[in-house]
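Please read the structure below before turning to the comments.
There are 2 protein chains.
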Amino acid sequence: MEVASVADQKEAGMIFRGWGWLKAFPGKIISKVVEFARKTKKLGQDDPRRIIHSLKVGLAITLVSMFYYFEPLYDGFGVSAMWAVLTVVVVFEFSVGATLSKGFNRGLATFLAGTLGFGAHHLAILSGEKAEPILLGLFVFLLAAMMTFVRFFPRMKAKYDYGVLVFILTFCLISVSGYRDDEVLEMAHKRVSTILLGGFAALLVCIVICPVWAGNDLHNLVANNIEQLASFLEGFGPEYFNTSEDVESNNTLLEGYKSVLHSKQTEESLANFARWEPCHGQFRFGHPWKHYLKIGSLTRKCAYRIEALHGYLNTKNQTSQEIRSKIQDESIKVSSESVKALKELAMAIETMITPSAATLHITKSKIAAKNLKLMLNADLCKETDLLEVIPAVTMASLLVDVVSCSEKIAESVHELASLAKFKSVKPEVAARKPSLQKMQSYSSVNVSQSHHVITVE
Amino acid sequence: MEVASVADQKEAGMIFRGWGWLKAFPGKIISKVVEFARKTKKLGQDDPRRIIHSLKVGLAITLVSMFYYFEPLYDGFGVSAMWAVLTVVVVFEFSVGATLSKGFNRGLATFLAGTLGFGAHHLAILSGEKAEPILLGLFVFLLAAMMTFVRFFPRMKAKYDYGVLVFILTFCLISVSGYRDDEVLEMAHKRVSTILLGGFAALLVCIVICPVWAGNDLHNLVANNIEQLASFLEGFGPEYFNTSEDVESNNTLLEGYKSVLHSKQTEESLANFARWEPCHGQFRFGHPWKHYLKIGSLTRKCAYRIEALHGYLNTKNQTSQEIRSKIQDESIKVSSESVKALKELAMAIETMITPSAATLHITKSKIAAKNLKLMLNADLCKETDLLEVIPAVTMASLLVDVVSCSEKIAESVHELASLAKFKSVKPEVAARKPSLQKMQSYSSVNVSQSHHVITVE
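So the protein sequences, as listed, match chains A and B.
For the first sequence, full-length UniProt numbering assigns the number 1 to the initial residue and increments by one for each residue that follows.
For the second sequence, full-length UniProt numbering assigns the number 1 to the initial residue and increments by one for each residue that follows.
Here's what the structure looks like:
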């Protein structure tokens with residue numbers, strides 16, 4: 001009896017849970033939909049260029065589809081016209097550089113593979129009917145295997161991965177399908193010209209309507225990453241010495257640098273795309289995009305130090321307020337001068353004006369660092385409990401390390417200033433220029449490769 | 001006269017240089033070819049699976065091309081058969097997980113978009129001849145714009161980016177091209193079935209012949225990254241205290257951790273692919289792949305500390321040999337115990353045997369760290385010149401930090417051990433098992449997303 005009642009209870013429990021789940025179902029769906037709408041809105045607000053990009057893609061595809069649709073044009077290209085639609089869908093990327101790179105890859109690879117495929121097909125036909133399939137199969141196998149291996153070369157992978165893929169694809173389509181209708185040459189010609197047409201349409205829409213420049217994004221990203229380091233240092237002093245009042249805003253300052261730690265791949269792909277772009281805005285032809293990677297790598301090195309420093313925020317309670325207050329002034333001086341230097345460097349990159357005061361701030365920061373060290377030497381070692389002092393000493397040392405990292409960033413930004421021929425304007429004059437203010441306001445960086453949304457200011 | 005002679009000299013110089021360039025040209029080409037051959041050999045030697053993968057791709061494409069080539073089969077599918085070739089080229093990836101993920105994305109997206117495209121086409125026809133092109137254009141525009149925006153969602157981008165692309169593509173091809181021949185349904189059916197065929201062929205070759213499992217790669221990568229941290233700590237002591245003899249091998253030990261710093265994206269994409277894979281080898285269905293990301297993130301945190309510690313190798317000369325020798329024994333004890341713990345953790349992941357001694361080593365390392373702190377307290381603070389001591393104190397603190405990071409890694413590996421049901425074998429027994437030795441030798445990790453080649457041991 002008892003067993004039965006337990007079973008009954010279990011069943012009743014299951015029914016009850018099932019009913020509860022069913023009742024909660026509409027609510028769950030509604031909350032999911034609301035969540036989705038909220039995320040969609042946020043994505044659009046974070047970077048309105050995403051909405052524009054989506055509309056641009058819709059426009060380009062519709063344009064090319066209509067081209068396919070209307071009779072007189074259709075007669076010229078036939079079913080091959082779908083290659084144009086396909087090309088637009090595949091080639092249209094977020095930034096002009098990425099679109100150019102993909103379009104170029106696709107165009108050149110199709111042309112080369114078309115030529116080679118025609119040659120292979122011709123050779124196979126010459127060899128007689130029996131040898132033909134064997135020869136064709138051999139060609140396809142060798143080329144596909146070799147080209148697949150070529151994709152493993154790091155340099156090829158970074159720049160021409162898509163091109164190699166299209167090369168294999170077109171070669172197979174042309175050489176093998178050629179067997180069918182003996183109109184290989186016409187087919188190759190059609191494929192090349194429709195792809196050119198699709199690529200051209202994609203490029204046109206991409207460049208003419210609100211273009212997104214990968215170079216501009218890289219430029220802003222690098223400047224913004226330096227700014228993030230400055231933000232951390234700005235928030236660190238008040239947090240460590242308990243002088244901060246607004247905890248929440250301080251936390252935002254302190255966490256921003258984390259996106260810098262993982263920015264390597266994004267920077268590299270943006271630099272890759274930027275090289276494809278023609279001169280635009282402030283950027284002349286041959287702008288030293290590669291040098292941004294150097295600055296980026298130094299910024300990351302500094303961010304690693306800051307990550308270690310961040311760990312010392314939690315150890316602050318191991319050191320008494322008294323000891324901390326002894327090094328407070330000099331520590332805050334060190335960080336605030338570094339903040340000024342880093343902020344000026346970030347601003348210098350953004351506005352493309354040679355930084356004038358950064359070196360001075362770095363020097364001041366280095367002097368403060370020296371004083372901090374002397375103070376550690378003079379005051380702290382008289383303490384009886386050194387265990388309390390050790391975390392403070394380490395914190396101070398890491399802070400001093402950050403200064404030397406900032407110095408390297410400053411050097412590298414100065415190099416960029418001379419390579420990219422930054423303007424030399426006195427800071428007072430610069431602040432007054434309205435156009436520069438405008439430039440700064442346009443600094444929301446979106447990068448299609450990364451999922452972080454980074455907004456300057 | 002002089003002007004003329006200067007011009008003559010210039011011209012002569014140019015000719016001379018041009019001639020020199022021409023003479024050097026064949027040599028340059030030869031050296032390029034040699035360089036290329038050397039790189040190719042190295043790529044193949046670093047990971048022979050690359051060569052096998054290339055041959056597999058060649059085989060799959062040839063198989064499907066031949067399918068297209070032979071008459072009786074051709075009659076069934078017609079020109080659409082080229083979609084099968086296209087699918088193989090596009091879907092075939094290095095690992096089984098990536099191929100499955102792409103194949104599934106392509107298959108499902110084609111099916112859904114085919115259905116929707118047919119519906120849109122039907123709706124447009126019902127609306128009358130005049131409204132048809134307008135309606136079709138509107139459908140294409142809306143769908144392309146919406147789907148392009150969906151690609152910005154981080155989660156969609158990580159898992160279904162390719163699927164969304166294929167969805168847009170198929171929808172446009174079916175709905176617009178349908179206008180042409182009124183055989184939309186047949187076309188949609190053909191496209192779906194040829195794509196299924198191509199995807200099936202690609203999967204078959206990918207899984208049957210020497211499969212590469214993304215899960216296995218992730219597993220080895222995470223273990224190897226922990227091993228790299230251990231290697232650094234192993235080399236750090238001798239380098240800092242000048243007791244190392246073999247400088248070159250020490251440098252390799254010290255630089256290995258750098259690849260860990262940038263491993264985030266690689267780990268994430270491998271974990272993404274691993275989830276698609278069926279159970280294989282040691283990995284059961286529902287293996288906790290997500291947990292590897294947690295271990296990976298803790299490993300990276302430790303690597304950031306190590307990067308800071310690495311910076312202190314250069315400051316060693318600021319501290320006299322005498323002071324350094326005072327903390328030498330304890331520092332080396334701290335790092336050597338951490339090395340033992342980390343190596344056991346790495347080995348535990350690789351062999352899937354619950355680590356037994358790691359906790360003990362961590363405890364020993366923590367005791368040594370405490371002693372080190374006491375020693376700093378007792379001995380160093382009597383020094384008159386504290387400026388010399390500060391770098392040593394910082395170094396020691398960072399070393400202690402690394403220990404606490406290692407502790408977290410150890411906890412996380414223990415969690416993995418219980419989640420993934422690692423075997424519990426005593427270490428002595430484990431060392432004797434021949435199968436485990438074999439497993440270790442197969443630990444060259446290749447990741448198609450990253451350009452680093454990581455080899456364990």
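The C-beta atom is built at its ideal place from N, Cα and C for all residues, glycine as well.
Bear in mind that the values here come from a model prediction, so they are computed numbers and not experimental data.
- Scanning chain B for C-beta atoms nearer than 9 Å to the C-beta of E307 (chain A) yields K301, Y304, R305, E307, A308, reported in chain order.
- Across the structure, F241 (chain A) and V96 (chain A) are spaced so that their CA atoms are roughly 47 Å apart.
- Taking C-beta atoms as the reference points, V33 (chain A) and R106 (chain A) fail to come closer than 8 Å.
- Residues are counted here when their Cβ sits less than 8 Å from a Cβ of chain A; for the segment 244-271 of chain B these are L261, H262, K264, Q265, given in chain order.
- The Cβ atoms of A131 (chain B) and G58 (chain A) do not sit closer than 8 Å to each other.
- By the neighbour-count criterion, in which a residue is buried when 16 or more other Cβ atoms sit within 10 angstroms of its Cβ, W19 (chain A) is exposed.
- A check of alpha carbon separations from E350 (chain B) across B:G281, B:E239, B:R50, B:G256 identifies B:G281 as the nearest.
- The segment 270-284 of chain B makes no contact with the segment 362-376 of chain B, as fewer than three CB pairs between them are under 8 Å.
- Proximity of the segment 395-411 of chain A to the segment 333-344 of chain A meets the contact definition, three or more beta-carbon pairs being nearer than 8 Å.
- Nearest in C-alpha terms to V339 (chain A), of all of A:F152, A:K39, A:S404, is A:S404.
- Our two residues, L204 (chain A) and V91 (chain A), have alpha carbons roughly 12 Å apart in a direct line.
- Secondary structure note for D217 (chain A): its alpha helix (DSSP H) is the uninterrupted segment 214-240.
- Taking C-beta atoms under 8 Å as the contact rule, V212 (chain B) and R49 (chain B) qualify, at a distance of about 6 Å.
- Around the CB of K326 (chain A), 16 or more other CB atoms lie within 10 Å, so the residue is classed as buried.
- When secondary structure is reduced to three states using DSSP, I209 (chain A) falls in the coil class, being assigned neither helix nor strand.
- It is roughly 28 Å from the alpha-carbon of I30 (chain A) to the alpha-carbon of G117 (chain B).
- The bridge partners DSSP lists for H280 (chain A) are A:F283.
- By the CB criterion at 8 Å, E239 (chain A) and N250 (chain A) fall inside the cutoff.
- Judged by beta-carbon spacing, S65 (chain B) lies within the 8 Å limit of V140 (chain A), meaning their Cβ atoms are closer than that value.
- DSSP, read as helix, strand or coil, puts K23 (chain B) in helix.
- Judged by pairs of C-beta atoms under 8 Å, the segment 256-275 of chain B touches the segment 302-316 of chain B, as three or more such pairs exist.
- Rounded to whole angstroms, S127 (chain B) and L86 (chain A) show a C-alpha spacing of 27 Å.
- Remark: C-beta atoms of L108 (chain B) and G163 (chain B) approach each other more closely than 8 Å.
- As a beta-bridge residue in DSSP terms, I353 (chain B) pairs with B:K423.
- Proximity of chain B to V208 (chain A) at the Cβ level (cut-off 7 Å) is not reached, the minimal Cβ distance being about 17 Å.
- A direct Cα-Cα distance of roughly 16 Å separates L298 (chain B) from L398 (chain B).
- Under the Cβ distance rule, G107 (chain A) does not count among the residues neighbouring chain B, no pair being separated by less than 8 Å.
- Counting the other Cβ atoms within 10 Å of the Cβ of G119 (chain B) gives fewer than 16, which makes it exposed.
- Within the same chain, and ignoring the five residues on either side of V89 (chain A) in sequence, the residues whose Cβ sits closer than 7 Å to its Cβ are I61.
- Per DSSP, the unbroken alpha helix (DSSP H) holding Q265 (chain A) starts and ends at 264-274.
- Here F285 (chain B) is exposed, its C-beta having fewer than 16 other C-beta atoms within 10 Å.
- A Cβ of chain A is located within less than 8 Å of the beta carbon of K39 (chain B).
- In its chain, beyond the 5 residues on either side, L261 have a beta carbon closer than 7 Å to the beta carbon of E307 (chain A).
- Distances from the alpha-carbon of A98 (chain B) to those of B:P154, B:N216, B:R38 put B:N216 closest.
- Within the same chain, and ignoring the five residues on either side of M375 (chain B) in sequence, the residues whose Cβ sits closer than 8 Å to its Cβ are K326, I327, E330.
- Annotated three-state conformation of Y312 (chain A) is coil, per DSSP.
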